[in-house]
Each structure stands twice: as C-alpha cells, then as structure tokens.
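Right, one structure below, let's go through it.
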Amino acid sequence: MPRPTPSTALETLRVLDLTRVRAGPTCARIFADFGADVIKIESPPGLDPNENMSGPRHGYDMQNLHRNKRSLTLNLKKEPARAILRRLIAGADLLVENFRPDVKERLGLDFETLHALNPRLILVSISGFGQSGPYRLRAGFDQIAQGMGGMMSVTGLPGQGPVRAGIAVADSAAGLYGAIGALVALQERAVSGKGQWVQTSLLEAQIGMMDFQVARYLVEGKVPPQAGNDHPYATPMGVYATRDGHINLGVGAEGHWRSFCGAIGRPELAGDPRFDSMEKRFAARPQLRVLLEEILTTQDSAHWLAAFEAASVPAGPIYSVDAVFEDPQVQHLGIAQPVRHPKLGDIRVVGEPVSLSRTPAGIATPTPDAGDHNDEILAELGYDETAIAGLRAEGAI
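Those letters in the sequence shown? Residues 1 to 397, by my numbering.
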C-alpha cells in the first residue's frame, strides 16, 4: 500500500467534532479529509448509551465516517473535562455538533456562551428540524426527514405508496450543507474577524435536495406524483428492459431521440407523428415503452450500451455495488481509497468525490479507537503526565 499523503488544504484549521450518527460526522469528515485537525470528542467507552448508533467501532460505517480524525474522550459530567473542552474551544476555528437544541444549551454549548469564549469560533449546528420552531426538540432521523420533506411521495412506482430512498439522503445532505455553510462563514471571518452560527437541519436539507420537484409546486402549483423509474416529464428517460437485464436511458432532447431511433434500427420512429415531440412522447409513454422494450429485449444490455455510445445517446448500466467498483471509469477516478488500520489491516473507504488540482483530499489515518489521542491532545494543552493520570483516575477522560 502506498504511503498515505494527508491534504494540506485546511491544515491551519482546528475543528472540534461533537457529533454522532451520520449528518454531523459527514460534515466534520470533509474538513478532516482536507487536512484540518479534527478532534472527535466523545464520551469514555461505556458512558454513552447511544455510542454504537453507527455500528461497532471497527465496523464499516465508523471506519468510513471518522477517518483522519483524532479522538479525545471527555466525561462532560465532570468539571475537569468541561475545563478541557473550554480550553479547546478557545483555540478552535469550528465546533460541529448535532445535539438536540436543549441538550446543547444544558451543556453550555449554545452560541452565546461559545462566542464569549472565542469570538472567532464558528458553530455548526445540525438538527432534525431546526434550532427554533414547534419541532425544535423532536428527535430527527433520516427516514422521518425523507417523509416530511416530500421525497417518499415521489419515490417508487405510481400507486404503490411511499418509498424511502435506499441511502440516507437527508443525513448526508445535511452534512454537506453544514460544511458549505462553515466554509462560507470561514471566508466571511477572514474579512470581519468574527465567527457566526451556521445552522441546517435534516428537514431543510431534504427539501433542498428535492430541487426541481418542489420548484414545480412552488412556481406552478403542481404536486409531483410518483413516476417510478421514469423521469417525471421526459421520455424515453428511465429504466428499460433488455434481453439480459435492464439499462438506463437518457433521451432528453430531440437530437437524442433521432440518434436513438437510428441506433435501435428504427429511424422512421423519429418522424412518427405519434412521437415527433417530447410532449407527444410523454403523453404516449405507456405505448412507447411497450414498443421500445419489444426492440430492446432482442439484444443484451452490452449490445445496446455499445450502440448508444457510438450514436452519442446517453445511456448506462445499472450496477450492483460490487459491480460499481469493477467499472474501469470508477477505478480510474480512484474514489475507493486505501487506508491501513492497525487491527483490520488494509481496508478501503469512500474518498471525497471532488478533486482539487493542487491540494486534493487525502486519507492518511484510519478511524481511531476512543481516546487514542488523549495523552497527545492534553499534552498540547499543557497537561503533564501527572495531571493526565489524575484526570484518568477521576474518570474525566
């Protein structure tokens, strides 16, 4: 395995990560992958009843979410631990948290208190439903946000009832939006010298990810229905059967339609008065699907994908996850990143899906065990071996 190379892009930043589960850790992971010193602050093992909500420490989810971070365990019920946190806050650039708003306030991690400790600190708060409003104290989970944000109403086959997405869309999007907000606040701080409070929620992130579907309602007053594997308003754009499986088609423009008809050996369809505009094709989608699948099921997927590529018709395979990482383009992009774990050996995790020409992201270290960096971080704060031993004996770390 090649020697891991950490990124230098954000190496001057210190980030305190007081998050759990997925949305918050996703936000902090972006900073860690781009070289920030991210300190994952967590309870000593056995104190937090929810510490395994992302699975076991050496499981795939924890390994993917917390690489490149350092771990410091603090029992925040103990005053010496709270004093350590205050010292860290005084020198930090960002604090990322996803507590319920009342928990944050009880711990003294509200923005006003933090701003008094460090006026340059940027607080990133990720919640289920927002920091204010009638739902502020509700526990938020991804699927609940998918339902409330409208996604489950447009996902699935027409008439089958609501369907969740197969991934944690709201969680992951909230983490991304939190990171975007933090980066904006960092740029603004470079001018003003002041920190600020960045807020996002699973509900807002899910609505934001609905994009054109909610814009359709907001602008035109139309409630989008379920469309299954078909595009909501273009066709043939969606999943189509072949002789040995299924492929995705993306025939979204008139030029694509003409090229598509030639590629399937039926050029006369391009001028067929039933299908010679997108509006007509959409209105006749059920009949057009039957006609096209009669043709497409005469050949294997590979045949059609090659034919469509030659004709510049957008199309693609539908992979299982193992097949994703066998694809030559995916391998070329290198998004499966290697890292060496002291107990698991050589593993791969999901790299950052964005490239920078000079300061790319890098995965240099695996997810640490809880408290792996206690002595190292406390020594940086000025605690000597005797003081650290006393903190450990008292149960503060």
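Even for Gly, the Cβ is constructed at its ideal location relative to N, Cα and C.
One question on the structure: do residue i and residue j come within less than 9 Å of each other, judged by their Cβ atoms?
| i | j | result |
| --- | --- | --- |
| Gly-228 | Leu-157 | yes |
| Arg-70 | Ile-335 | no |
| Leu-202 | Ser-127 | yes |
| Ala-460 | Glu-11 | Look at the range of the chain in this structure, 1 to 397, and you will see that residue 460 is not part of it. |
| Leu-123 | Gly-195 | yes |
| Leu-305 | Pro-236 | no |
| Thr-200 | Ser-125 | yes |
| Ser-172 | Thr-19 | no |
| Ile-397 | Thr-73 | yes |
| Arg-57 | Pro-101 | no |
| Asp-142 | Ala-170 | yes |
| Asn-64 | Pro-6 | no |
| Ala-83 | Asn-75 | no |
| Glu-220 | Gly-130 | no |
| Ala-23 | Gly-178 | yes |
| Gln-146 | Gln-226 | no |
| Leu-107 | Phe-99 | yes |
| Gln-331 | Arg-348 | no |
| Leu-249 | Pro-314 | yes |
| Asp-17 | Val-38 | yes |
| Gln-206 | Gly-133 | no |
| Ala-234 | Val-251 | yes |
| Ile-30 | Leu-176 | yes |
| Ser-277 | Glu-254 | yes |
| Ala-263 | Ala-311 | yes |
| Trp-197 | Phe-111 | yes |
Helix, strand or coil, according to DSSP, for residue i in the structure here?
| i | result |
| --- | --- |
| Pro-45 | coil |
| Gly-108 | coil |
| Arg-216 | helix |
| Ile-318 | coil |
| Glu-279 | helix |
| Glu-97 | strand |
| Asn-248 | strand |
| Val-324 | helix |
| His-341 | strand |
| Ala-336 | strand |
| Lys-70 | Before going on, a small fix: residue 70 reads as Arg here, not Lys. Arg-70: strand per DSSP, three-state reduction. |
| Thr-200 | strand |
| Arg-274 | coil |
| Asp-384 | coil |
| Asp-369 | coil |
| Val-349 | strand |
| Ala-307 | helix |
| Val-223 | coil |
| Gln-299 | coil |
| Val-21 | coil |
| Ile-401 | The chain is shown only over 1 to 397; residue 401 falls outside these bounds and no answer can be derived. |
| Asn-374 | helix |
| Ser-192 | helix |
| Asn-52 | coil |
| Leu-157 | coil |
| Thr-26 | helix |
| Leu-65 | helix |
| Ile-180 | helix |
| Leu-117 | helix |
| Pro-162 | coil |
| Arg-57 | coil |
Any idea which residues DSSP pairs residue i with across the strands?
| i | result |
| --- | --- |
| Trp-257 | Trp-257 pairs with nothing; no bridge assigned. |
| Gly-399 | In the structure as shown, the chain begins at 1 and stops at 397. Residue 399 is therefore absent and cannot be evaluated. |
| Asp-37 | Arg-14 |
Please determine whether the Cβ atom of residue i lies at a distance below 8 Å from any heavy atom of the ligand GTP.
| i | result |
| --- | --- |
| Thr-235 | In the structure on display, the ligand GTP does not appear, and there are no ligands present to speak of. |
Using beta carbons (cut-off 9 Å, strictly below), is residue i in contact with chain D?
| i | result |
| --- | --- |
| Asp-37 | No chain D appears in this structure, which consists of one protein chain only. |
Open item on the list: My parser needs the beta strand (DSSP E) runs of 3 or more residues fully inside the segment 119 to 145; what are they?
Closed with: 122 to 127
Open item on the list: Quick check: the segment 217 to 233 against the segment 294 to 314, are at least 3 beta-carbon pairs closer than 8 Å?
Closed with: no
Open item on the list: Count Cβ pairs between the segment 114 to 123 and the segment 92 to 103 that sit closer than 8 Å; are there 3 or more?
Closed with: yes
TODO: Check whether the segment 338 to 350 touches the segment 358 to 369, counting contact only when three or more Cβ pairs, one atom from each stretch, lie closer than 8 Å.
DONE: yes
Open item on the list: Below 8 Å, how does it come out for the segment 183 to 191 and the segment 204 to 219: are there three or more Cβ pairs, yes or no?
Closed with: no
Task: the segment 321 to 328 / the segment 278 to 293 touching (three or more Cβ pairs under 8 Å) - done: no
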